[in-house]
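Input: a single structure, listed below in structure tokens.
Structure, rendered in structure tokens:
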């Protein structure tokens, strides 16, 4: 899975890594000064947290589905429940609570320690059927999925 | 764009001198915004426009060279914080409560992206914004967003607030 992350420039930019805990995909966002939005608190930029949750949802869908199509986000909505703790690694996990032929409905939470105590939570929809092409990016994902792990 | 007009525009807004175009206070104090190269393009009563330069690191789909949705979220979140800062009469801490982004189409690669956010309603504790992200004009957006922001969430005497206070002392 980390090889798929490597194929997405923005994921590398954030420094996100993927782990697997109790069979669940968990994404890790290392703390760096560059992701801070408000240095006074300090608090991680809300946009980064939204992006982290969206990336987690995307990776979860890629990991879970047998399909090689790359999901495309339609809507992504983030609730910022509280400020994230600074100077610690942040985690996120996602689940797909409804899957139709064309659309995946996902939830995601981000937290410092346990998913029971999240600082942000998200709901999103991804289009699965939009891209029926056999694009080189999809071939790459397929190769990485087949070759990896 | 009458739909984006603020319903209760402020008589004046506290942060104009700090956050106007060419003044990077809103960016230099947010390390992540500076890291992305976000800049302030325009501000006015209850609205703000930010630009995000295209960079290879922000790509989400390497084949189509489309920017990752999350980077657009960051641009919109930042423009929205700016809009709220331009809607309040007095400086206060601004924290995102929620932000919903609709991805209307893929953003064009290799061009600078813009987001304009309008604070269309302001209460004592909460600001409501809508935003559009586009390459050329707000009439042809690739993403639209709705968000709410908490005002006065952070009452601490932060260095950022001291800076804003100092700037306000200089200006006006």
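Chains as they are written, first to last, in the working numbering: chain H, 1 to 149; chain C, 1 to 172.
Heads up, the beta-carbon is just placed ideally off N, CA and C, and yes, glycines get one too.
- Residue 65 of chain H is not bridged by DSSP to any residue.
- In its chain, beyond the 5 residues on either side, 119 have a beta carbon closer than 7 Å to the beta carbon of residue 82 of chain H.
- Between residue 97 of chain C and residue 150 of chain C, the CB-CB gap stays under 7 Å.
- For residue 73 of chain C, the enclosing alpha helix (DSSP H) covers residues 69-85.
- Residue 31 of chain C belongs to the set of residues whose beta carbon lies under 7 Å from a beta carbon in chain H.
- Shortest Cα-Cα distance from residue 89 of chain C to any of C:58, C:32 and C:119 involves C:119.
- For residue 115 of chain H against residue 93 of chain H, the beta-carbon gap comes to about 6 Å, under 8 Å, which counts as contact.
- In this structure, residue 103 of chain C lies away from residue 60 of chain C, with their beta-carbon atoms at least 7 Å apart.
- Rounded to the nearest whole angstrom, the CA to CA distance from residue 108 of chain H to residue 86 of chain H is 20 Å.
- In summary, residue 24 of chain H is exposed, with fewer than 16 beta-carbon neighbours lying within 10 Å of its beta-carbon over all protein chains present.
- Across the region 106-122 of chain C, CB contacts with chain H closer than 9 Å involve 106, in sequence order along the chain.
- For residue 2 of chain H, no beta strand (DSSP E) run applies; the uninterrupted alpha helix (DSSP H) run containing it begins and ends at 2-7, by DSSP.
- When secondary structure is reduced to three states using DSSP, residue 52 of chain H falls in the helix class.
- The CB of residue 94 of chain H never comes closer than 9 Å to any CB in chain C; the least such distance is about 13 Å.
- Counting the other CB atoms within 10 Å of its CB gives residue 123 of chain C a total below 16, which places it among the exposed residues.
- Residue 166 of chain C is classed as exposed because its beta carbon has fewer than 16 other beta carbons within 10 Å across all chains shown.
- For chain H, the residues of the region 45-79 of chain C that bring a beta carbon within less than 8 Å of one of its beta carbons are 56, 57, 58, 59, 60, 61, 62, 63, 64, 67, 68, 69, 70, 71, 73, 74, 75, 76, 77 and 78, in chain order.
- Residues of chain H whose Cβ lies closer than 7 Å to the Cβ of residue 134 of chain C do not exist, since the nearest Cβ in that chain is about 17 Å away.
- Contact between residue 130 of chain C and residue 145 of chain C holds: their C-beta atoms lie close to 7 Å from each other, under 8 Å.
- For the options H:7, H:100, H:31 and H:16, the alpha carbon positioned closest to that of residue 65 of chain H is the one of H:100.
- Between the alpha carbons of residue 50 of chain H and residue 116 of chain C lies a gap of roughly 18 Å.
- Listed by position along chain H, the residues whose Cβ is nearer than 9 Å to that of residue 139 of chain C form an empty set, because the closest Cβ is around 21 Å away.
- Within the DSSP bridge table, the entry for residue 144 of chain H names no partner.
- Straight through space, the alpha carbons of residue 32 of chain H and residue 91 of chain H are spaced by roughly 14 Å.
- Annotation: residue 105 of chain H to residue 59 of chain H spans about 14 Å, alpha carbon to alpha carbon.
- Taking a beta-carbon distance threshold of 7 Å, residue 91 of chain C does not count as an interface residue toward chain H.
- Residue 54 of chain H counts as buried, since at least 16 other C-beta atoms from the protein chains shown sit within 10 angstroms of its C-beta.
- Cβ-Cβ separation between residue 32 of chain C and residue 36 of chain H: approximately 6 Å, consistent with a contact (criterion under 8 Å).
- When CB distances to chain C are screened at a threshold of 9 Å, the residues of the region 53-75 of chain H falling below it are 53, 54, 55, 58, 70, 72, 73, 74 and 75, in chain order.
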